[in-house]
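Q: I'd like to ask some things about the structure below.
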Amino acid sequence: TQTVDIQDFVLQEEIDPMFFYKPYYLEPQKGGDKAYVLLHDTLEKTGKVGIAKVVIKTRQYLAGVKAENSVLVLELMHFAEELADADKLHVPKKLEPGKRELDMAKALVESMSSKWDPKKYRDDYREALMEVIEEKVEAGGKEIEEKPKQKARPSTKVIDLVSVLQESLNKTRKTHPARKRSVASRHKKAA
């Protein structure tokens, strides 16, 4: 698309993050540097998002124009009717977990906590698919040997969250012994 038709400016904090789903960087057109910087700085200082409609290929989209770091980002948004009403979902009512369960859950979260590094996470499915495609191309149409699949954990309908947390915590402590000590030492100080 060549144009972004901003219709409103809304405080970013008023927009549920569930509405946003696909970001694109925006660049100014030739001669548009000053307007680009002006819009970026204004959005950044006011905490607002430009609500726009854009046409990409043959479809119209709702979008938010945001100031992110030093660039403008156009992030596609869902229209209201595209989102499920969370109030109509069947989710458990607010329950008070026991102290033991909560402590275990907190210990698990703490032991698995790390700094955000997006490069750490990979699309394993896509990589495996590309590997199969490359093997088929190299085989020149001949049958290729199917690799054994990883065993999936058996599915159960009822989950004992405490035992799952305890099992996960034990595995984490085995693979991260240094974290185990730091979590334990923090609990001693707090006591």
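Okay, so the sequence shown: first residue is 104 according to our numbering, each after it adds one. Note that CB positions come from ideal geometry on N, CA and C, so glycine has one too.
Classify Pro-126 as helix, strand or coil using the three-state DSSP reduction.
A: In the structure shown, Pro-126 sits in a strand (DSSP, three-state: E or B).
Q: Judging by CA-CA distance, which residue of Asp-119, Lys-277 and Lys-245 is the nearest neighbour of Met-180?
A: Asp-119
Q: Can you check whether the CB of Thr-275 is closer than 8 Å to the CB of Ser-216?
A: no
Q: Buried or exposed for Val-205, please, with buried defined as at least 16 other CB atoms from any protein chain shown within 10 angstroms of its CB.
A: Residue identity check: residue 205 is Leu in the sequence provided, not Val. Exposed.
Q: On the premise that Lys-151 lies in contact with Leu-114, defined as a C-beta separation below 8 Å, what is that separation, rounded to the nearest angstrom?
A: 6 Å
Q: Using a threshold of 8 Å, state whether the C-beta atoms of Leu-272 and Leu-211 are closer than that.
A: It is a contact, given that the beta carbons lie within the stated cut-off.
Q: Are three or more beta carbon pairs between the stretch 121-138 and the stretch 177-197 nearer than 8 Å?
A: The stretch 121-138 and the stretch 177-197 touch, with no fewer than 3 CB-CB distances between them shorter than 8 Å.
Q: Below 8 Å on the Cβ atoms is my guess for Phe-112 versus Gly-153; work out the distance and round it to an integer in Å.
A: Their Cβ separation, rounded to whole angstroms, is 6 Å, which keeps Phe-112 and Gly-153 in contact under 8 Å.
Q: Starting from Asp-108, follow its DSSP beta bridges and name the residues at the other end.
A: DSSP, once it has assigned bridges, lists Lys-156 as partnering Asp-108.
Q: So for Val-176, helix, strand or coil by DSSP?
A: strand
Q: Using 8 Å for Cβ pairs, my map puts Phe-122 next to Leu-198. What's the rounded Cβ distance?
A: 29 Å between Cβ atoms; not a contact.
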